[in-house]
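To keep things clear, I will list the structure first and then write my remarks on it.
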Amino acid sequence: MSIQLGGVCQPGTTRANKTGGWRTFRPVYDYDKCIKCKLCELLCPDMAVLPRDDGFFEFDYDYCKGCGICANECPKEAIDMVLEEK
Amino acid sequence: MTVIRTLDKDKMDVAEGSYAVAHAVKVCRPNVISAYPITPQTHIVEDLSQFMADGEISNCEYINVESEFSALSALVGSAAAGARCYSATTSQGLELMHEVLFNVSGMRLPVVMTIANRAVSAPINIWNDHQDSISQRDTGWIQMYAEDLQEISDMTAQAYKVAEDKDVMMPAMTCMDGFILSHVYEPVVLLEQDLVDEYLPAYEPEYSLDPKNPLTFGAFADPTAYTEFRYLQQKAMDNALPKIEEAANEFYEIFGRYYGGLIDEYETDDADIILMAMGSLVGTIRDVVDKLRAKGVKVGLLKVRTFRPFPAEAIKNVIKDAKVVVALDKNISLGLNEGSLFTETKASLYNTKVDVPIVGRMIGHGGRDIPVKTIEDIVEEAKGIISSGINTESKYADLKEELL
Ligand code: SF4
Ligand code: SF4
Numbered sequence: 174m175s176i177q178l179g180g181v182c183q184p185g186t187t188r189a190n191k192t193g194g195w196r197t198f199r200p201v202y203d204y205d206k207c208i209k210c211k212l213c214e215l216l217c218p219d220m221a222v223l224p225r226d227d228g229f230f231e232f233d234y235d236y237c238k239g240c241g242i243c244a245n246e247c248p249k250e251a252i253d254m255v256l257e258e259k
Numbered sequence: 047m048t049v050i051r052t053l054d055k056d057k058m059d060v061a062e063g064s065y066a067v068a069h070a071v072k073v074c075r076p077n078v079i080s081a082y083p084i085t086p087q088t089h090i091v092e093d094l095s096q097f098m099a100d101g102e103i104s105n106c107e108y109i110n111v112e113s114e115f116s117a118l119s120a121l122v123g124s125a126a127a128g129a130r131c132y133s134a135t136t137s138q139g140l141e142l143m144h145e146v147l148f149n150v151s152g153m154r155l156p157v158v159m160t161i162a163n164r165a166v167s168a169p170i171n172i173w174n175d176h177q178d179s180i181s182q183r184d185t186g187w188i189q190m191y192a193e194d195l196q197e198i199s200d201m202t203a204q205a206y207k208v209a210e211d212k213d214v215m216m217p218a219m220t221c222m223d224g225f226i227l228s229h230v231y232e233p234v235v236l237l238e239q240d241l242v243d244e245y246l247p248a249y250e251p252e253y254s255l256d257p258k259n260p261l262t263f264g265a266f267a268d269p270t271a272y273t274e275f276r277y278l279q280q281k282a283m284d285n286a287l288p289k290i291e292e293a294a295n296e297f298y299e300i301f302g303r304y305y306g307g308l309i310d311e312y313e314t315d316d317a318d319i320i321l322m323a324m325g326s327l328v329g330t331i332r333d334v335v336d337k338l339r340a341k342g343v344k345v346g347l348l349k350v351r352t353f354r355p356f357p358a359e360a361i362k363n364v365i366k367d368a369k370v371v372v373a374l375d376k377n378i379s380l381g382l383n384e385g386s387l388f389t390e391t392k393a394s395l396y397n398t399k400v401d402v403p404i405v406g407r408m409i410g411h412g413g414r415d416i417p418v419k420t421i422e423d424i425v426e427e428a429k430g431i432i433s434s435g436i437n438t439e440s441k442y443a444d445l446k447e448e449l450l
């Protein structure tokens, strides 16, 4: 692969940069508390909250940077931020 | 080659510098203009607005914005969409663009922008020096400085020619001294539309933004690739060196006017003392050289027309046989007490066999007048350096001790 002048590339190619490794805290759902309000999906700046068929959501840990916005905004405190361990 | 100006009197108008530039931009057929008015650049963008209102620029959008930051940002998108783009600014406006300047260059967008050079605040000062553009020298823009109205007008077309060259693809600043050139009226041949059409083909970028064929511009580069992007920008600057010469030569063939490419020299062949400078100051030095030559003083002038890329080789070839070189700067790097032309010329000689004493004299800051007498005094002092060596390497040549 050689680089293109000015960093021109096909759209969506930044998916190759898995940024989940930058995370210190990992968001974890407690589905018993979740009311499926979608706020976490709407507010995630990294589009790392993916809808599931059953109406709940799951995290895409390849791209979730652990900012904690979802946990902070969840009206039901259904998301826990857990320290990543290597 | 020295300056050739076989100006056809029948083609000449008396025009204001800003008008000459605006006219030059018009005949270069821009597709998008975006600018925010700021003294002393204002007349350029006013004249362009007038051309737009009068329907004189076809296939062009003039985007009004609320700041210089937005003006240049609007051009990032426009240039990426394949438009030939133009802006103009100065001083604080240029400094406000700082972040975007890097983006334009990094995305390899050949935007051309006129800088009506002005001092920077504080204290507020609207008059001319070169601190504004010199402070942007590391942003990856080609920088050229014009001596008079004809040159800044013609330089506009040359800048597009170089910037849009496939081997360059870098933005360019064409610099004219604020007020001294922007607001003065001089006889000038307004850039001829038919000849510009012959000289400057339409801009055809290799990639452009298009909803039908989406692309990402200026994408993310992590440590595994960032260095290579910067390397390629430097390579483009290296490529620009011969392209600037070519653009000047080709311009001469079509228009019959020539000012040098990277540099120009005047009476330097046998000169013991060579004065180097950029911008309108060069005109004053020309007169001083004539005056002193008539008295038998072996003094010559090296005009640096292109400051980025820095024409180190060309400069070295001119000054290598001199007995002393004085670089005159309308800017200062605070903390080093040197102007940039001096610092960079001196640095480019180190590690070479050329061993010429070189000193820097800062002059004309914040619009302070540069009378012939000041230049003559500098030459007088330079004679002393030949006989007894360098006393002060760099200093202000026109400091008013009585105000301190
Ligand atoms: S922690 Fe931040 S990045 Fe991760 S899912 Fe929540 S909002 Fe998105
Ligand atoms: S914000 Fe909380 S309650 Fe709403 S969907 Fe997300 S986890 Fe469930």
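Residue numbers (this note's numbering), protein chains in the order written: chain A, 174 to 259; chain B, 47 to 450.
For glycine and all other residues, C-beta sits at the position ideal for the given N, C-alpha and C.
Just so we're clear, the structure is a prediction, and the values are computed from it rather than from any experiment.
Going by DSSP in three states, residue i sits in which element: helix, strand or coil?
i      : result
B/K441 : strand
B/E210 : coil
B/A323 : strand
B/I309 : strand
B/D93  : helix
B/L241 : helix
B/E114 : helix
B/L142 : helix
A/C213 : helix
B/E427 : helix
B/P260 : coil
B/K33  : It is not possible to answer for residue 33 of chain B, since the shown part of chain B is limited to 47 through 450.
B/D59  : strand
B/F148 : helix
B/Y272 : helix
B/I300 : helix
B/R414 : coil
B/T136 : coil
A/C237 : coil
B/F353 : strand
A/F232 : strand
B/G346 : strand
B/Y122 : Note on residue identity: the sequence assigns Val, not Tyr, to residue 122 of chain B. B/V122 falls in the helix class under three-state DSSP.
B/Y277 : helix
A/R188 : helix
A/D205 : coil
A/I252 : strand
B/T330 : helix
B/Y108 : strand
B/E452 : A question about residue 452 of chain B goes unanswered here, because the residues of chain B that appear run from 47 up to 450.
A/M220 : coil
A/C247 : coil
B/M98  : helix
B/D318 : coil
A/V181 : coil
B/A267 : coil
B/I79  : strand
B/A218 : strand
B/E232 : strand
B/D284 : helix
In chain A, what lies closer than 7 Å to residue i by C-beta?
i      : result
B/M215 : L178
May I ask you to check if the CB of residue i is nearer than 7 Å to at least one heavy atom of ligand 4?
i      : result
B/D213 : Although ligand 4 was asked about, the structure shown includes only ligand 1 and ligand 2 as ligands.
Quick check on residue i - is its C-beta less than 8 Å from some C-beta in chain E?
i      : result
B/A126 : Here the protein chains are A and B, and chain E is not one of them.
- Message: Against chain B, which members of the segment 175-206 of chain A pass a CB distance test of less than 7 Å?
- Response: The residues in question are I176, L178, G179, G180, V181, C182, Q183, P184, T186, T187, N190.
- chain A contacts made by the segment 298-317 of chain B, where a contact means CB separation under 7 Å: Taking a C-beta cut-off of 7 Å against chain A, none of the residues of the segment 298-317 of chain B qualify.
- Item | Chain-ordered residues, beta carbon under 6 Å from a heavy atom of ligand 1 | This selection yields A/P200, A/C217, A/D219, A/A221, A/V222, A/F232, A/C237, A/K238, A/G239, A/C240, A/G241, A/I242, A/C243.
- Message: Residues around ligand 2, please: the condition is that the C-beta lies closer than 5 Å to some non-hydrogen atom of it.
- Response: After applying the 5 Å Cβ criterion, the set is A/C207, A/I208, A/C210, A/L212, A/C213, A/C247, A/K249, A/A251.
- Task: Within the segment 153-207 of chain B, note down every full alpha helix (DSSP H) run reaching 4 residues or more, in order along the chain.
- Result: Annotation note: the segment 153-207 of chain B contains the following uninterrupted alpha helix (DSSP H) runs of length 4 or greater, listed N- to C-terminal: 177-180.
- Going along the chain, which residues of the segment 246-280 of chain B sit with their C-beta nearer than 9 Å to a C-beta in chain A? Within the segment 246-280 of chain B, the qualifying residues are E252, Y253, P260, L261, T262, F263, G264, A265, F266, A267, D268, A271, E274, F275, L278.
- Message: Counting only Cβ-Cβ distances shorter than 8 Å, please list the residues of the segment 145-171 of chain B near chain A, keeping chain order.
- Response: Residues passing the 8 Å Cβ filter: G152, M153, R154, L155.
- Curious, which full-length beta strand (DSSP E) runs of at least 3 residues does the segment 362-412 of chain B contain? Runs found: 370-375, 404-408.
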